[in-house]
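See below for the structure under consideration.
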Amino acid sequence: MPIIANAARPRGGFLQSKSHHRDCFAASLLLQMVCLHFLNSHEDMDWTQLDVHPRIISAVIKANIKSAKDLLIFSIGDLQQVTQLSITDIYDLQKAASAALQKHSALTALQLYTEKSRFPAQHQKLSLGCGVLNNLLRGGLPLVGITELAGESSAGKTQIALQLCLTVQYPETYGGLGAGAVYICTEDAFPNKRLLQLIKSQHKLRTDVAADVVRKIRFGDHVFIEHAADIVSYNDVGRDMLTECITKKLPILLLRGQVRLIIIDSIAALFRCEFAAKDAVVKAKHIQTIGAKLHQLSRDFTTPVFCINQ
1449 MPIIANAARP RGGFLQSKSH HRDCFAASLL LQMVCLHFLN SHEDMDWTQL
1499 DVHPRIISAV IKANIKSAKD LLIFSIGDLQ QVTQLSITDI YDLQKAASAA
1549 LQKHSALTAL QLYTEKSRFP AQHQKLSLGC GVLNNLLRGG LPLVGITELA
1599 GESSAGKTQI ALQLCLTVQY PETYGGLGAG AVYICTEDAF PNKRLLQLIK
1649 SQHKLRTDVA ADVVRKIRFG DHVFIEHAAD IVSYNDVGRD MLTECITKKL
1699 PILLLRGQVR LIIIDSIAAL FRCEFAAKDA VVKAKHIQTI GAKLHQLSRD
1749 FTTPVFCINQ
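According to my numbering, numbering within the sequence shown proceeds without interruption in unit steps and concludes at 1758.
Next comes the structure, spelled out in structure tokens:
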């Protein structure tokens, strides 16, 4: 049986001043970490746009602080000295500046779950074309992230992958995404005959879809096949082919809107052998790089990634 896996600021008087200063200092460090990657593109800050008291803005302008970088990397003590503001004012100022720099505010799990119209990718799923499997996965494959299907040989993993290649082409009203799929083979040859059998049987397998909708979809024209290697064992040639496919070819198809599903069968096949300690480190680093790139593509294009492994 295959296994599917996915993965109050204190305010107070004199008695709280030390605790308050420590909390503000920690918050300042956190704000610096969160906003550091935005600083280069926001050298000049329009202080009048910040949601703080005009008195604070006046003090910042008078101190000749022109960039958010200066505001967030200086210590609280330095900012107090040049602006003559209190610790509370400095905290409010840094908080407002960081909020202005952030492209996306922090979200809670409850917000993602309840605000469905605002975060459709968190709720929409890609149907597997089978009620039982959809119920098992609570609706289907998530549109963002990597889903791994693992199981013994001949357990039906490839069958599910081929089925996904077809269901992704259906309109969203029927559980699809209205686009094609990329099927990357690293081990065996692509099962063309099995795919053709599934295509011919769609009118029987998908009785929930109107017959004219099934007839209009040219399933075979929207499954893009790529062979990353012709051998099973780990080798530089096969590894480079897979990397090139993921980093160069996939982004082009995704940018054109031709595909909304990536299937890899399988990543582990290229690395399946014994390694010396030095090779194991290189292997692990390379797999990590591939995984990070797949996650990036999935996130940027709201495209599910489906990996098969034994």
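Quick reminder that beta carbons are idealized off the backbone N, C-alpha and C, glycines included.
Query: Segment contact, 8 Å Cβ cut-off, at least three pairs: the segment 1629-1640 with the segment 1699-1712; Result: yes
Query: Buried or exposed by the 16-neighbour rule on C-beta atoms within 10 Å, applied to D1499; Result: exposed
Query: Sequence-distant residues of its chain with Cβ nearer than 7 Å to E1635 (five each side left out); Result: V1680, D1713, S1714, A1717
Query: Sequence ranges, beta strand (DSSP E) only - wholly within the segment 1550-1600, length at least 3; Result: 1594-1598
Query: Selection from A1609, V1661, T1615 that minimises the alpha carbon distance to F1638; Result: A1609
Query: Meets three-Cβ-pair contact criterion under 8 Å: the segment 1566-1575 and the segment 1611-1622; Result: yes
Query: Stretch-stretch touch, CB-based, cutoff 8 Å, three pairs: the segment 1530-1537 with the segment 1496-1513; Result: yes
Query: For H1501, the three-state DSSP class (helix, strand or coil); Result: coil
Query: Exposure label - T1762; buried when at least 16 CB within 10 Å; Result: Given a span of 1449 to 1758 for the chain in the structure shown, any question on residue 1762 remains unanswerable.
Query: Complete beta strand (DSSP E) runs within the segment 1602-1656 (minimum length 3 residues, chain order); Result: 1628-1633
Query: Residue from S1601, I1521, L1560 whose Cα sits closest to the Cα of L1541; Result: I1521
Query: Residue burial classification, L1703 (beta-carbon count within 10 angstroms, cutoff 16); Result: exposed
Query: L1653 vs F1672 beta-carbon contact at 9 Å; Result: no
Query: Three-way DSSP call (helix, strand, coil) for R1708 in this model; Result: strand
Query: Own chain, CB closer than 8 Å to I1738, minus 5 neighbours either side, in chain order; Result: L1690, T1691, I1694, I1715
Query: Closest residue to K1664 among L1643, K1697, P1619 (Cα-Cα distance); Result: P1619
Query: Other residues of its chain near K1761: CB distance less than 8 Å, five sequence neighbours each side excluded; Result: Summary: the structure shown does not reach residue 1761, with the chain confined to residues 1449 through 1758, and so no result is reported for it.
Query: First through last residue of the alpha helix (DSSP H) which encompasses I1521; Result: 1516-1521
Query: Rounded separation between N1757 and A1676 - CA only; Result: 15 Å
Query: DSSP bridge partner residues for C1755 (one or two, in chain order); Result: E1596, I1712
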